[in-house]
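Asks: Here it is, the structure, as structure tokens.
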Amino acid sequence: MSLSNLLTLSGQVNDLLNASSVLSWDARTMMPKGGSETRSKQLATLTVAARDLLCSDQMKRALEGAEKDVAGLDDTAPEARMVAQVREAIAYHERIPAELLRRKTELGGIGHDKWAEAREKADFSLFAPALKDIVDVSREMAEAIGYEDHPYDALMYRFEPGTTTAELKTLFARLREGMLPLVQQIAQKEQPRSDFLYREYPVEGQMAFALKMAAKLGYDLDRGRLDTTVHPFEISFTRNDVRITTRVNPKYMPMSLFGALHETGHALYEQGADPAYVRTPLATDLVGLYAVSGVSFGAHESQSRLWENHVGRSRAFWQNHFADIQAAYPETLADVTSEEFYRAVNRSRPSLIRVESDELTYDFHIMLRVELESRMIEGSLSVDDLPEAWNAGMKSYLGVDVPDDAQGVLQDVHWSSGQIGTFCNYTIGNIMAAQLFERAMQEQPAIGTALEGADYAPLRDWLTDKVTRHGRRYGRDELLVNATGRTLDPEPYLRHLTSKFSEIYGLAV
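Here the numbering used here is used: position 448 in the sequence shown is 839, and no number is missing along the way.
Right under this line is the structure:
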């Protein structure tokens with residue numbers, strides 16, 4: 392009975408967080424600019440209400456009874472994991488004053504509007520005051536949460552539990568060691584033809600085609616929809632309502648297409664969660680106070696990067712679907728072959744924009760952001776000096792000159808919403824994606840045959856079985872060990888990049 396009470400109360404927490412998510416979706420897609428100040432207060436009210444219910448005496452009494460109910464179960468049983476996650480979340484939030492959480496949430500709501508204006512005008516100074524407040528409150532959060540070595544570790548805990556700044560340095564060093572020789576060799580090679588990617592592509596046509604491809608991968612349109620936004624995202628209000636967004640450039644079609652495929656991967660994670668977990672702690676991030684099923688943001692990112700890159704950018708995908716895209720843009724792509732299209736959307740060259748960068752150079756964007764975030768939190772980099780540090784880092788990592796703030800320090804939405812500590816998830820997601828995909832192909836060779844025939848169900852079923860249906864039942868490395876036999880391993884990712892780009896550019900391996 393106490394477990395039932397605990398699930399009733401945690402379900403109400405989930406309801407509050409889903410209501411908050413609805414408001415967040417609206418704020419980033421449809422809300423008029425004037426609504427940001429009051430919307431930030433609404434979001435703060437719901438977030439603090441969820442936190443207060445989570446930490447209430449009523450919840451604690453239910454937890455005590457539930458712990459007795461599950462005492463005889465294996466600690467990996469869903470019910471035991473639900474109880475353990477509520478216990479962990481209460482301990483976490485009791486270290487953070489409610490007023491600090493309220494202030495952080497409000498700043499995130501206001502910051503997004505300031506960021507959008509600054510980005511539109513390519514003027515970082517318009518966003519700097521809001522970012523200073525966000526950095527200050529993030530430092531307070533880190534101190535309240537606690538850490539052993541670096542305050543940035545405390546902030547990453549919300550997104551990638553257990554990951555440390557020291558571990559990331561080692562991981563990034565291994566990636567640079569494996570990637571830099573490829574980048575250097577490609578710099579000496581002729582780039583594939585890509586002029587046709589920059590032709591006129593009507594907005595409505597782009598959205599229709601992007602949604603068509605999302606549906607082919609398995610995105611359930613009865614439980615989802617596609618909209619436009621400044622920065623693409625996926626958001627769910629339980630597995631029964633999972634929405635994706637993309638952005639559109641009428642003169643660069645891949646932006647909308649691969650943005651949608653990326654968010655489709657996120658959506659498949661949420662739509663694939665076990666229906667029995669709806670509104671339970673296994674479909675609710677009670678520590679981060681998000682209504683999300685993914686066990687970590689890196690695990691969630693693994694699905695988006697897998698479907699976008701290992702499937703959506705594969706040669707087989709475009710051999711199968713080039714006729715579809717030609718039908719969508721018959722005159723625009725009349726002089727293009729499927730092989731030319733495949734090579735064009737996989738060309739590797741340093742890019743200013745993270746979300747438009749290729750697989751090989753993408754992680755250098757992440758390394759820079761993690762470095763800058765950790766320095767801001769430790770106090771060795773001021774917000775006022777951030778644009779200069781950003782521009783210098785882009786030159787050092789990718790050899791590119793940043794022309795303005797919109798294409799530089801203002802390009803990502805994360806800081807404006809207070810999400811400091813989450814960028815590592817993208818690289819972790821890349822590594823997990825390759826590790827999972829390699830294992831799926833080894834374990835079930837029929838998956839590869841199916842992909843060659845445009846049948847995405849076998850891969851989707853394998854990922855559902857190994858990853859998405861479990862929601863938050865297993866930790867990230869626990870999930871990886873169950874699925875692949877080992878914890879996070881960058882070697883499959885480096886093998887994938889070496890094989891793919893060596894073939895495209897004729898590199899000596």
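Heads up, the beta-carbon is just placed ideally off N, CA and C, and yes, glycines get one too. None of these values were measured; they are calculated from a predicted model.
Closest to Gln694 by C-alpha separation, out of Leu827, Gln579 and Thr878, would be which residue?
Replies: Nearest option by C-alpha distance: Leu827.
Asks: For Ser773 and Val800, what's the separation of their Cα atoms in angstroms?
Replies: Distance between the alpha carbons of Ser773 and Val800: 13 Å.
Asks: With Leu617 as the anchor, note down where its alpha helix (DSSP H) starts and where it stops.
Replies: Element bounds for Leu617: not the alpha helix (DSSP H) but the beta strand (DSSP E), Leu617 to Thr619.
Asks: Which runs of the alpha helix (DSSP H) spanning at least 4 residues fall entirely within the region 769-808, listed in chain order?
Replies: 777-789
Asks: Would you kindly report the start and end of the unbroken alpha helix (DSSP H) that includes Arg452?
Replies: Asp448 to Asp460
Asks: Measure the alpha-carbon distance for Asp880 versus Glu551 and round it to whole angstroms.
Replies: 16 Å
Asks: To the nearest angstrom, report how far apart Arg430 and Ala658 are at their CA atoms.
Replies: 25 Å
Asks: Would you kindly work out how many angstroms separate the C-alpha atoms of Pro645 and Arg734, rounded to a whole number?
Replies: 13 Å
Asks: DSSP on Ile904, reduced to helix/strand/coil?
Replies: Residue 904 is absent from the structure shown; the chain starts at 392 and stops at 900.
Asks: Compare the C-alpha of Leu888 against each of Leu566, Ala507 and Cys815 and name the closest.
Replies: Leu566
Asks: Let me make sure I understand the geometry here. Which of His701, Ala480, Leu612 and Thr840 has the alpha-carbon closest to that of Phe892?
Replies: Out of His701, Ala480, Leu612 and Thr840, the CA that lies nearest to the CA of Phe892 is found in His701.
Asks: Between which residues of its own chain and Glu625 is the CB-CB distance below 6 Å, once the five residues before and five after are set aside?
Replies: Ile635, Glu654, His657 and Ala658
Asks: Given this structure, state the Cα-to-Cα distance separating Lys512 from Ala519, to the nearest angstrom.
Replies: 13 Å
Asks: What residue from Leu571, Ala410, Thr629 and Ala719 has the CA that sits closest to Ala601's CA?
Replies: Nearest Cα to Ala601 within the set Leu571, Ala410, Thr629 and Ala719: Ala719.
Asks: Taking the straight line between their C-alpha atoms, what separation do you get for Thr556 and Ile757?
Replies: 13 Å
Asks: Helix, strand or coil: how does DSSP classify Val633 here?
Replies: strand
Asks: With Lys505 and Ser807 assumed to form a contact (beta carbons below 8 Å), what rounded beta-carbon distance in angstroms separates them?
Replies: 7 Å
Asks: Return the bridge partner residues of Ile626 from the DSSP annotation.
Replies: Arg634
Asks: DSSP three-state label for Asp548, please.
Replies: Inspection of the sequence shows that residue 548 is occupied by Tyr rather than by Asp. Three-state result, Tyr548: coil.
Asks: Rounded to the nearest angstrom, what separates Arg614 and Leu608 at their Cα positions?
Replies: 14 Å
Asks: Excluding the 5 residues preceding and the 5 following Pro966 in the sequence, name in chain order all residues of the same chain whose CB lies nearer than 6 Å to its CB.
Replies: Within the shown structure, residues of the chain are numbered from 392 to 900, placing residue 966 beyond reach of any answer.
Asks: Return the CA-CA distance between Phe713 and Ala605, expressed in angstroms with no decimal places.
Replies: 15 Å
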